[in-house]
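First the structure, in the form of structure tokens, and then the observations on it.
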Amino acid sequence: MNSGHQHRVFGRRAQEHILILASGDKVRHMTVRPWMAAVAFCFVGVFSIGYLLATSYLVLRDDLIGATMARQARMQHDYEDRIAALRAQVDRITSRQLLDQQVVEDKVDKLMEQQMALTSRHGKLDNLLDRAESSGLTEKDGVLPAPSSPVQSYAPDIKDKRASLTGGGIEAIEKQLASGAPADATPDNSTLAYVPATDTVGDRADRIFSKVTLSLKDVEQDQRSRVEQLTSYAGNAANAIETVLTRFKIPMPETADKKDDDDAVGGPYVEPESNDDFNNSLVALDGALTRLEEVRSTAESLPFRNPAIGKDVTSPFGNRRDPFLGRLALHSGIDFRFSPGERIRPTAPGKVISAGWTGGYGNMVEIDHGNGISTRYGHMSQVLVKVGDTVDRDDVIGLAGSTGRSTGTHLHYEVRQDGHAVDPVYFMNAGLKLATYIK
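Read in order, the letters of the sequence shown are residues 5 to 443 in the numbering used here.
Set out below in structure tokens:
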């Protein structure tokens, strides 16, 4: 009943598995429990999985090792290529810096040459300007004033132009040229290709040195125009003086010089050292100033000035009634009213060829001015020079008086050319025209 009831309530009871092991007369049995079967199954499964994994690792190990080594090799090659590209780019940047430095040095050398040329020209111009100023050319309407600043101020102030790349030379040049840092190398292999900077040191040097070169050219052009202007003024002044001298039949000094220059000269023809336009203009200016100085010196040695500025003329040159004989006679000079004892100065420098009592002249001084022209100063109360003395325009040669054939204190001024008396007014009028050219 209990068995039937148990069967009805709990169902049929599962029968246990018994494992019987017989060895000879010994028989052993072991009941196989469900949990023992589960443990055995799990163990077999774990062992099978481990075996499969071990077998797969042994089979695929070589492929995995090969793939890992290949990947490492690729990575190594990539890094080597990247390092090589970076090194190449650094070399290109360094080479470009060297080239930029060479460009800067070349341009500095050119600017130094231009600076030396302008400095040399400035020295020549100083000499020529001094000569022009002594000739009175720079005083007219501000013609060619001297430069207000020396030419060196236009030259660039560049120091350590030979600085090395390993030191601070490049940084100093880049700071001076207001440069930025060069393009940095990038580790990205896709951008390792060299791309030149849009604004390099050489480009900045080109711009700056171009500005300086243009400034120097402006200075040179200004100097050339001023030199040409001064040459024109010097030529015009020399022509004006020559015109006056020719009127009095005074030989031009360059005629004699040219004759002397062509005498006893020779030698093979050699091309000139320089065909520079500016140097040629300086040569032309030097020739014009030399010509002006020569004719100006000739004009200043002649009696073109008034011996008695502000004095009254009591008797002009020409025929007049003789004050002592009362008949017509030639008056060979001009009489100027003077006060007794007033100082008398010559109208031009020269050499005293007569000094003392000379007949109707009374106390008279005669001065030879060259070119066949002499002046006489008569009726002086006292002679202060002697024969052979060299006098200048500011020297006092005597004191006014009334000696000889004179009716009162005055100065008898006389100009003689080749021994013949000429009207001094001609010389004084010419002196008025030459007033701007001679002292």
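Ideal Cβ positions, reconstructed from N, Cα and C, are used throughout, including at glycine.
In this text the structure is predicted, and so the values were computed from the model without any measurement.
What are the boundary residues of the beta strand (DSSP E) that residue i is part of?
| i | result |
| --- | --- |
| R325 | G322 to R325 |
| K30 | K30 to V36 |
| F340 | I338 to R341 |
| A333 | L332 to H335 |
| A312 | Note, A312: premise wrong, no beta strand (DSSP E); not H, not E. |
| M384 | I377 to V387 |
| S406 | Note, S406: premise wrong, no beta strand (DSSP E); not H, not E. |
| R349 | Premise fails: R349 is in no beta strand (DSSP E) and is neither H nor E. |
| Y417 | H414 to Q421 |
| H21 | H21 to S27 |
| V369 | N367 to D372 |
Quick one: does the C-beta of residue i sit closer than 8 Å to a heavy atom of the ligand PLP?
| i | result |
| --- | --- |
| A89 | In the structure on display, the ligand PLP does not appear, and there are no ligands present to speak of. |
Let me check understanding here. Comparing Cα to Cα, which of the options lies closest to residue i?
| i | options | result |
| --- | --- | --- |
| D398 | E246, I348 and D326 | I348 |
| T217 | E297, K114, R135 and T294 | K114 |
| L23 | Y430, R420 and M34 | M34 |
| T3 | G127, S138, L25 and F47 | The chain is shown from 5 up to 443; residue 3 falls before or after that span and cannot be answered. |
| D422 | E298, N375, P428 and D134 | N375 |
| N131 | T59, A58 and D290 | D290 |
| G392 | S385, A359, T379 and Q386 | A359 |
| I313 | G435, V94 and D134 | G435 |
| S285 | I245, A136, E109 and L234 | L234 |
| K315 | R324, R341, F308 and H335 | R341 |
| D210 | F308, K111 and I245 | K111 |
| Q386 | T318, T98, A238 and S406 | S406 |
| F252 | V419, A74 and T394 | V419 |
| S319 | H414, Q106, G49 and E20 | H414 |
| L388 | G330, R380, T394 and V400 | V400 |
| S410 | T351, H335 and V43 | H335 |
| E232 | L220, Y273 and V287 | V287 |
Within a Cβ cutoff of 7 Å, which residues of the same chain sit near residue i, ignoring the five residues on either side of it in sequence?
| i | result |
| --- | --- |
| W361 | N367 |
| S214 | none |
| L129 | Q227 |
| I245 | V299, R300, A303, L438 and Y441 |
| G412 | S406 |
Tell me, to the nearest whole angstrom, how far the beta carbon of residue i is from that of residue j; I am working on the premise that it is less than 8 Å.
| i | j | result |
| --- | --- | --- |
| P353 | A404 | That belief does not hold up - the Cβ atoms of P353 and A404 are roughly 21 Å apart, past 8 Å. |
| G363 | G408 | 7 Å |
| K355 | I371 | 7 Å |
| A241 | L306 | No, A241 and L306 are not in contact; Cβ-Cβ is about 16 Å, not under 8 Å. |
| Y430 | R300 | Their Cβ separation, rounded to whole angstroms, is 20 Å, which puts Y430 and R300 out of contact at 8 Å. |
| F282 | R100 | The pair is not a contact, with the Cβ atoms about 37 Å apart (cut-off 8 Å). |
| Y237 | L329 | About 54 Å; that fails the 8 Å criterion. |
Taking all protein chains shown into account, decide if residue i is buried (16 or more other Cβ within 10 angstroms of its Cβ) or exposed.
| i | result |
| --- | --- |
| P38 | exposed |
| S27 | exposed |
| L62 | exposed |
| P428 | buried |
| H424 | exposed |
| V223 | buried |
| G402 | buried |
| Q118 | buried |
| I254 | buried |
| P350 | buried |
| Y55 | exposed |
| K144 | With a pLDDT of only 47 at K144, under 50, the local geometry of the prediction cannot be trusted, and the value read off the model is given with reservation. Exposed is the call here. |
| D29 | exposed |
Can you confirm whether residue i, when its beta carbon is compared against all beta carbons of chain B, has any partner nearer than 9 Å?
| i | result |
| --- | --- |
| L218 | Among the chains in the structure shown there is no chain B, since it carries only a single protein chain. |
Which residues bound the alpha helix (DSSP H) around residue i?
| i | result |
| --- | --- |
| L286 | D281 to E304 |
| L436 | P428 to K437 |
Below 6 Å CB to CB, which residues in the same chain sit around residue i once its five sequence neighbours on both sides are set aside?
| i | result |
| --- | --- |
| S432 | Position check: residue 432 holds Met in this sequence, whereas Ser was assumed. These residues qualify, in order along the chain: N310. |
| G184 | Caution is warranted here: a pLDDT of 45 is assigned to G184, below 50, making its placement in the model unreliable, and the coordinate value is therefore given only provisionally. Excluding sequence neighbours, G184 sits near nothing in its chain. |
| H416 | G337, D339, G382 and H383 |
| E346 | A404 |
| G239 | A292 |
| M79 | none |
| A159 | Low confidence applies here, because A159 scores a pLDDT of 36, under 50, leaving its location unreliable; read the following figure in that light. Within the same chain, A159 has close Cβ partners Q119. |
Please list, in chain order, all residues of the same chain as residue i whose beta carbon is under 8 Å from its beta carbon, the five residues on each side excluded.
| i | result |
| --- | --- |
| Q225 | none |
| I357 | E370, I371, D372, S378 and V391 |
| R65 | none |
| A333 | N323, R324, R325 and D326 |
| V31 | I24 and L25 |
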